[in-house]
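2 protein chains.
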Amino acid sequence: MAATMKDVAEAAGVSIATVSFVLNDTKPVTPETRRRIEQAMADLGFRRNMVARALASRRTRIIALVCPFAADRTAHSLKDFFIGAAQAANEADHHLVIWPVSNDGEALASLVGQKLVDGVVLMEVGLDDARVEVLRELNTPFALIGRTRDMTGVPYVDIDFETSMRLCLDHLADLGHRRIAFVNGSEEVPGMAGFGPYVRTEEAYRTLSRKRRMRPAVFRSLGTVRAGRQVAREVLESTPDVTAMIVLEEATATGVVAELTHQGHKVPADISVLSVLGSVEVAAMTDPPLTTVAGPSAELGRLGVEALLRRLEDPNDLTALLRAGELVIGESTGPAPHR
Amino acid sequence: MAATMKDVAEAAGVSIATVSFVLNDTKPVTPETRRRIEQAMADLGFRRNMVARALASRRTRIIALVCPFAADRTAHSLKDFFIGAAQAANEADHHLVIWPVSNDGEALASLVGQKLVDGVVLMEVGLDDARVEVLRELNTPFALIGRTRDMTGVPYVDIDFETSMRLCLDHLADLGHRRIAFVNGSEEVPGMAGFGPYVRTEEAYRTLSRKRRMRPAVFRSLGTVRAGRQVAREVLESTPDVTAMIVLEEATATGVVAELTHQGHKVPADISVLSVLGSVEVAAMTDPPLTTVAGPSAELGRLGVEALLRRLEDPNDLTALLRAGELVIGESTGPAPHR
DNA sequence: TTGAAAGCGCTAACAG
DNA sequence: CTGTTAGCGCTTTCAA
């Protein structure tokens, strides 16, 4: 069977402790001894048993990514978070386990209690999130992707909503738009009340609009294509002087473009549409392809893991990182029409 | 700190072995003793340490999902595989780790060598896949999502391409279509040569077309919107009598619809478009929303894990499951036009 | 039906 | 610089 450290020690004619020292680089070892040990490891094809190591060292080198449970009501970009997080973990010689757990404190506590993971990265945190309390009480190291209301002492990474929104408004203002509507997601959806991105993008939109002396016009819509078509009609009826729309949920943005076109409005000649914090893939799928401020999903997954890993090194580390989306210009935005 | 079995044993006035027996239900225990032990566990808030259990039992109860590395060239549905797999694992009291490993045998071998996981589920397997050989040599239990050329002795779950394609053709034939093109993905992409879904859907399309005495017309396209627009033009030029198109990559399908509409062809009045093995979410995003035979992604993730778990119970278990997509009727298919 | 004890493979004092 | 050894918390014989 697979060689153990004992086998390596015997083959190299040293004690098992010495093998451990070269493996972990925790104590000085004569070059010659080291060489013999490394030779033996190579000969035997030795690979260190993670489980034994974890038990003895009280560090499993596994971290958990807690993600929303529902496969359906879940952003396209979830896969980017996964991949980004898993890669960051792998690069640091850690493993990433996926825990699809909804807002269920008990389930989370039970998983954490298994002592399988060194720490937890929490996704899609709400402004008030029960899971954060659970983790705090369990004394488990954790980091958040997103923010709760009170972030004192909690490491997190999140989207820089203000900068992201500023990118949208700058782009549209540069094109001469002065009457810009914002279509937010709907907090009516169960579990979405106080959802950070909804709250923060809207706040940024309102603040920045006023600063530019533009009258805010906020609409809400479910994150579906159908709802997007609906809200497009609403906007046209209630605020006909709008020349551009910033849309938060990408499916909604898609519906908006479809409905505008359907009603005979040219995008972007008559009205511009900009998708904020969606994915480039989905943005590319509409006709015309959406201009978007793409959400930094994979990066956030990576940064969340890295924040947790730092915290594991240093219990006082307090990462607080914001990352803005990136403006990817498509064909759904153009100069404001003369009216 | 967290209570151990020893604590429970002491509190219940029994030996640690007895606690283990009730925990694992491996030996008969007097109801009274059992009660005392359960009481003690409840009082102490005992939770079994997974790592110690794993080391002693030589079963970690962790399985790995090996998924494509590249965050970009990766289907929207990847997240569904993840969630389906993670849920299935959780339900069976297992954990799922994500290993983003491309076709790199050595990396995979190194991960497996850590003895962290009991088995591996491989995604996106090609007709000839190096990783399968690696796993076989390492003597690691594994299951495939997808199929290699030679599947003797290998447990797998995969899409039932023939039935999925039959659903497409039936649907279109029922609507009176007789001249149906198929737009395949492109094997020109590095790593996509011999990609199972490409090979098998095309084969099914050709076979079934001939059976119905319809002349096959196969096109190939990269899985992007732009390429979809391109291929739509190709089809129109080279095969103007086509009244329906079946498109494999969903981004391509999106581009096809956009281009047809753009060129003044009404979908579906002039030409029907059907997306095969895409996601309902993306299908809903075009205008008109695509009819699709939706790929069973979450289910395959789940079934792949379940196949592996069975294999772990019984090394001779040989799961071989095919699951067809599901026809979700949108508004991109309609009666064949009179010509 | 229960208990004692020997590991699982490694880490980390401590001793030399 | 290297070796000895006591665990990590649990499973699993074997004996009682």
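Going down the list, the sequences are from chains A and B.
Mapping to my numbering: the first sequence position 293 is 293, numbers consecutive.
Mapping to my numbering: the second sequence position 314 is 1314, numbers consecutive.
In this text, a Cβ means the ideal position worked out from N, Cα and C, and glycines have one as well.
Note that this is a predicted model, so its numbers are computed, not measured.
Coil, strand or helix - residue i by DSSP
{"i": "B:G1119", "result": "strand"}
{"i": "B:I1063", "result": "strand"}
{"i": "B:A1324", "result": "coil"}
{"i": "A:G262", "result": "The residue you asked about is not Gly; residue 262 of chain A is His in the sequence shown. Three-state DSSP puts A:H262 in a helix."}
{"i": "B:G1126", "result": "strand"}
{"i": "A:I37", "result": "helix"}
{"i": "A:V280", "result": "helix"}
{"i": "A:G176", "result": "coil"}
{"i": "B:F1081", "result": "helix"}
{"i": "B:A1003", "result": "coil"}
{"i": "A:M426", "result": "This structure gives no information on residue 426 of chain A, because the portion of chain A shown stretches from 1 to 339."}
Among the options, nearest to residue i - alpha-carbon criterion
{"i": "B:I1201", "options": "B:N1316, B:E1162, B:L1127", "result": "Per the sequence shown, the amino acid found at residue 1201 of chain B is Thr instead of Ile. Cα-wise, what sits closest to B:T1201 is B:E1162."}
{"i": "B:A1255", "options": "B:Y1156, B:D1080, B:S1332", "result": "Here residue 1255 of chain B turns out to be Gly, not Ala, going by the sequence shown. Residue B:S1332 is the option with its Cα nearest to B:G1255."}
{"i": "B:P1293", "options": "B:G1278, B:R1034, B:D1043, B:V1199", "result": "Here residue 1293 of chain B turns out to be Val, not Pro, going by the sequence shown. Of the candidates B:G1278, B:R1034, B:D1043, B:V1199, the one whose C-alpha sits nearest the C-alpha of B:V1293 is B:G1278."}
{"i": "B:L1065", "options": "B:I1329, B:E1249, B:A1143", "result": "B:A1143"}
{"i": "B:A1109", "options": "B:N1103, B:V1134, B:A1085, B:R1179", "result": "B:V1134"}
{"i": "B:H1338", "options": "B:I1246, B:R1179, B:A1088", "result": "B:R1179"}
{"i": "B:L1169", "options": "B:N1316, B:M1050, B:V1257, B:V1276", "result": "B:V1276"}
{"i": "A:E124", "options": "A:P335, A:W99, A:D287", "result": "A:W99"}
{"i": "A:R59", "options": "A:A42, A:H95, A:F46", "result": "A:H95"}
{"i": "A:E10", "options": "A:Q263, A:D93, A:P28, A:L44", "result": "A:L44"}
{"i": "B:V1014", "options": "B:H1076, B:N1024, B:A1002, B:E1032", "result": "B:E1032"}
{"i": "A:R206", "options": "A:R48, A:A193, A:V225, A:F182", "result": "A:F182"}
{"i": "B:L1111", "options": "B:S1297, B:S1164, B:L1138, B:V1218", "result": "B:L1138"}
Rounded C-alpha distance that separates residue i from residue j
{"i": "B:L1300", "j": "A:P240", "result": "47 Å"}
{"i": "A:R233", "j": "A:D270", "result": "15 Å"}
{"i": "A:D118", "j": "B:E1306", "result": "27 Å"}
{"i": "B:G1176", "j": "A:D128", "result": "55 Å"}
{"i": "A:T30", "j": "A:E38", "result": "12 Å"}
{"i": "A:L290", "j": "B:D1174", "result": "36 Å"}
{"i": "B:T1243", "j": "B:V1235", "result": "10 Å"}
{"i": "B:L1172", "j": "A:G146", "result": "46 Å"}
{"i": "A:R302", "j": "A:G295", "result": "13 Å"}
{"i": "A:T261", "j": "A:G228", "result": "13 Å"}
{"i": "B:V1157", "j": "A:M285", "result": "30 Å"}
{"i": "A:P216", "j": "A:M151", "result": "29 Å"}
{"i": "B:E1187", "j": "B:Y1198", "result": "8 Å"}
{"i": "B:M1005", "j": "A:V51", "result": "19 Å"}
{"i": "A:A107", "j": "B:N1090", "result": "11 Å"}
{"i": "A:R220", "j": "A:S102", "result": "24 Å"}
{"i": "B:A1088", "j": "B:F1081", "result": "11 Å"}
{"i": "A:A42", "j": "B:L1309", "result": "32 Å"}
{"i": "A:I329", "j": "B:T1319", "result": "48 Å"}
{"i": "A:A324", "j": "A:R210", "result": "21 Å"}
{"i": "A:H265", "j": "A:L312", "result": "54 Å"}
{"i": "A:A17", "j": "A:V8", "result": "11 Å"}
{"i": "B:P1155", "j": "B:D1317", "result": "8 Å"}
{"i": "B:S1297", "j": "B:H1076", "result": "10 Å"}
{"i": "B:M1192", "j": "A:A40", "result": "40 Å"}
Residue i and residue j closer than 8 Å at C-beta
{"i": "A:V273", "j": "A:V280", "result": "no"}
{"i": "A:R34", "j": "A:V22", "result": "yes"}
{"i": "A:I83", "j": "A:L116", "result": "no"}
{"i": "A:F195", "j": "A:G304", "result": "no"}
{"i": "B:E1249", "j": "B:G1185", "result": "yes"}
{"i": "B:L1208", "j": "B:L1327", "result": "no"}
{"i": "B:K1079", "j": "A:L78", "result": "yes"}
{"i": "A:Q230", "j": "B:R1047", "result": "no"}
Under 9 Å from the C-beta of residue i: neighbouring residues of chain A
{"i": "B:V1231", "result": "Per Cβ cutoff of 9 Å: no residues; B:V1231 is ~15 Å from chain A at best."}
{"i": "B:Q1263", "result": "Within chain A, no residue comes near B:Q1263; the closest Cβ sits about 12 Å away, beyond 9 Å."}
{"i": "B:A1086", "result": "C67, V97, I98, W99, P100"}
Interface partners of residue i on chain B, CB under 8 Å
{"i": "A:R47", "result": "S1110, G1113, Q1114, K1115"}
Under 7 Å from the C-beta of residue i: neighbouring residues of chain B
{"i": "A:M50", "result": "Q1114, K1115, L1116"}
{"i": "A:T60", "result": "V1051"}
{"i": "A:P296", "result": "What A:P296 touches in chain B: nothing, since even the nearest Cβ is about 12 Å away."}
Listed by chain order, chain B residues near residue i by CB distance under 9 Å
{"i": "A:P315", "result": "Near A:P315 there are no residues of chain B at all, since even the closest Cβ is about 16 Å away, more than 9 Å."}
{"i": "A:V276", "result": "Here the premise fails: no neighbours, minimum Cβ distance about 17 Å."}
{"i": "A:M285", "result": "V1225, E1250, A1251, T1254, G1255, A1258, V1282, M1285, T1286"}
{"i": "A:P197", "result": "Going along chain B, no residue has its Cβ under 9 Å from A:P197, so there is no contact; the nearest lies around 18 Å."}
Interface partners of residue i on chain A, CB under 7 Å
{"i": "B:A1054", "result": "V51"}
{"i": "B:P1335", "result": "Ordered by position in chain A, no residue passes the 7 Å Cβ test against B:P1335, which lies about 22 Å from the chain."}
Within chain A, the residues that residue i reaches when beta carbons sit closer than 8 Å
{"i": "B:P1268", "result": "Near B:P1268 there are no residues of chain A at all, since even the closest Cβ is about 15 Å away, more than 8 Å."}
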